[in-house]
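J.: Each protein sequence line maps, in turn, to chains A and B. Residues in the first sequence are numbered consecutively from 8, following the working numbering. Residues in the second sequence are numbered consecutively from 27, following the working numbering. Even glycine gets a Cβ: it sits at the ideal position worked out from N, Cα and C. After the structure tokens below, expect a handful of questions from me.
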Amino acid sequence: EAEVAQSPRYKITEKSQAVAFWCDPISGHATLYWYRQILGQGPELLVQFQDESVVDDSQLPKDRFSAERLKGVDSTLKIQPAELGDSAMYLCASSHRGLITADTQYFGPGTRLTVL
Amino acid sequence: DQQVKQNSPSLSVQEGRISILNCDYTNSMFDYFLWYKKYPAEGPTFLISISSIKDKNEDGRFTVFLNKSAKHLSLHIVPSQPGDSAVYFCAASVTGNQFYFGTGTSLTVIP
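Right under this line is the structure:
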């Protein structure tokens with residue numbers, strides 16, 4: 008069964024350092040999402056891509072976060088510099104179409120970030 | 027402002043009985059709803075979905091009910107099994123737009 012891949016699974020960093028997370032969506036899925044989940048809360052959307060284009064990054068803290076999906080396949084989310092409040096689970100999800108029809112999102116295992 | 031709410035943070039049920047997890051939403055434009063199950067240190071796993079043109083969708087032991095007038099949906103699991111113990115999230119969207127997630131309900135099925 009096809010899965011969304013993410014790496015690393017766990018990342019510990021010191022504040023003010025740079026971190027990067029990688030996501031490989033299910034093959035053929037045009038839409039890719041990055042979410043942040045703080046303990047005890049539901050996932051919150053950071054950025055949504057349709058192919059290589061950003062369609063929604065309204066919740067992305069752009070002073071320190073950036074995301075790219077250059078070839079419309081895999082994606083990288085970067086934080087620079089990391090702050091203590093960035094400690095969370097970062098989840099990647101993908102869906103087949105997303106924009107036109109209702110479509111299920113499939114999640115990867117997530118990256119657990121701890122900022123010290 | 028939380029557009030999707032799960033007001034019960036936790037639920038305990040005896041094995042074999044029915045588990046009912048509830049979810050309320052505020053945006054009447056939402057037309058697609060999902061339930062996810064999440065184990066610790068893993069990503070959410072898709073369980074079942076429902077479109078606003080339906081009021082019920084069933085898949086094995088899982089049934090989702092949608093009451094559009096009350097802006098309420100529920101997930102029924104019957105019979106409940108110990109392996110169902112996890113955190114359950116509901117999510118809602120306007121087709122083609124972002125999903126909004128509830129805060130989750132932690133289900134414990136007692137053997």
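Which one of B/A67, B/P137, B/Y126 has the shortest CA to CA distance from B/F56?
T.: To locate residue 56 of chain B, count along the second sequence from 1; it is residue 30. Nearest option by C-alpha distance: B/Y126.
J.: Would you say A/Y113 lies against chain B (beta-carbon separation less than 8 angstroms)?
T.: The residue you call residue 113 of chain A lines up with position 106 of the first sequence. Chain B, which has a Cβ nearer than 8 angstroms to the Cβ of A/Y113, makes this yes.
J.: Could you tell me whether any Cβ in chain B is nearer than 8 angstroms to the Cβ of A/P15?
T.: Translated into the one-based positions of the first sequence, residue 15 of chain A becomes position 8. Judged by the 8 angstroms Cβ criterion, A/P15 is not in contact with chain B.
J.: Whole-angstrom Cβ separation of B/I136 and B/S38, contact assumed at under 8 angstroms?
T.: Residue numbering aside, residue 136 of chain B sits at position 110 when the second sequence is read from its first letter. Residue numbering aside, residue 38 of chain B sits at position 12 when the second sequence is read from its first letter. With 8 angstroms as the limit, B/I136 and B/S38 qualify as a contact, their Cβ atoms being about 6 angstroms apart.
J.: Against chain A, which members of the region 63-92 of chain B pass a CB distance test of less than 8 angstroms?
T.: A67, E68, G69, P70, T71, F72, S75, S77
J.: On the DSSP bridge assignment, give the partners of A/Y17 in chain order.
T.: By one-based count along the first sequence, residue 17 of chain A stands at place 10. Looking at the DSSP assignment, A/Y17 forms a beta bridge with A/R119.
J.: Name, please, each residue of chain B whose Cβ falls closer than 9 angstroms to the Cβ of A/G47.
T.: For the purposes of this step, residue 47 of chain A is taken as the residue at position 40 of the first sequence. P35, T129, G130, listed in chain order.
J.: Going by the beta-carbon positions, is the gap between B/K97 and B/Y51 smaller than 8 angstroms?
T.: By one-based count along the second sequence, residue 97 of chain B stands at place 71. By one-based count along the second sequence, residue 51 of chain B stands at place 25. Yes, the pair counts as a contact, with Cβ atoms nearer than the cut-off.
J.: Of the residues A/A100, A/D93, A/H103, which one's Cα is nearest the Cα of A/R119?
T.: On the first sequence, position 112 is the one that residue 119 of chain A refers to. Ranking the options by Cα distance to A/R119, first place goes to A/D93.
J.: Is B/Q40 close to chain A? Criterion is C-beta to C-beta, closer than 8 angstroms.
T.: As a working mapping, residue 40 of chain B is identified with position 14 in the second sequence. Not an interface residue.
J.: So what does DSSP say about A/L46, is it helix, strand or coil?
T.: As a first step, residue 46 of chain A must be located in the first sequence, where it is residue number 39. Three-state result, A/L46: coil.
J.: Going by beta-carbon coordinates alone, are A/Q55 and A/T38 separated by less than 8 angstroms?
T.: As a first step, residue 55 of chain A is located in the first sequence; it is residue number 48 there, counting from the start. As a first step, residue 38 of chain A is located in the first sequence; it is residue number 31 there, counting from the start. It is a contact, given that the beta carbons lie within the stated cut-off.
J.: Would you identify the three-state DSSP class for A/D110, choosing helix, strand or coil?
T.: Locating residue 110 of chain A in the first sequence gives position 103, counting from the first residue. A/D110 falls in the coil class under three-state DSSP.
J.: Around the C-beta of B/L47, are 16 or more other C-beta atoms found within 10 angstroms, so that it is buried, or is it exposed?
T.: Mapped onto the second sequence, residue 47 of chain B falls at position 21. Classification of B/L47: buried, given that the 10 Å Cβ count is 16 or more.
J.: Straight-line CA distance for A/E75 to A/D110?
T.: Mapped onto the first sequence, residue 75 of chain A falls at position 68. Mapped onto the first sequence, residue 110 of chain A falls at position 103. For A/E75 and A/D110, the distance between alpha carbons rounds to 22 angstroms.
J.: With distances taken from CA atoms, which of A/F114, A/V122, A/D31, A/R71 is nearest A/Y42?
T.: For this step, residue 42 of chain A is matched to residue 35 along the first sequence. Closest option to A/Y42, Cα to Cα, is A/F114.
J.: Looking at the structure shown, is A/L39 part of a helix, part of a strand, or coil, going by DSSP?
T.: For this step, residue 39 of chain A is matched to residue 32 along the first sequence. DSSP places A/L39 in strand when its eight states are reduced to three.
J.: On a Cα-Cα basis, can you pick out the residue from A/L77, A/D81, A/V80, A/L53 that is closest to A/R71?
T.: Within the first sequence, the letter at position 64 stands for residue 71 of chain A. Cα-wise, what sits closest to A/R71 is A/L53.
J.: When you compare the CB of B/L60 with every CB in chain A, is at least one pair closer than 8 angstroms?
T.: The count along the second sequence starts at 1 and reaches residue 60 of chain B at position 34. With its beta carbon less than 8 angstroms from one in chain A, B/L60 belongs to the interface.
J.: Are the Cβ atoms of B/G69 and A/P116 separated by less than 8 angstroms?
T.: As a position in the second sequence, residue 69 of chain B is number 43, starting the count at 1. As a position in the first sequence, residue 116 of chain A is number 109, starting the count at 1. In this structure, the beta-carbon distance from B/G69 to A/P116 falls below 8 angstroms.
J.: Shortest alpha-carbon distance to A/E59 belongs to which of A/S101, A/S14, A/V26, A/V122?
T.: For the purposes of this step, residue 59 of chain A is taken as the residue at position 52 of the first sequence. If we check each option's Cα against that of A/E59, A/S101 comes out closest.
J.: So what does DSSP say about A/D81, is it helix, strand or coil?
T.: One-based indexing of the first sequence puts residue 81 of chain A at position 74. Residue state, collapsed to three classes: coil.
J.: In the region 104-130 of chain B, which residues sit with their C-beta less than 9 angstroms from some C-beta in chain A, listed in chain order?
T.: F115, C116, A117, S119, T121, G122, N123, Q124, F125, Y126, F127, G128, T129, G130
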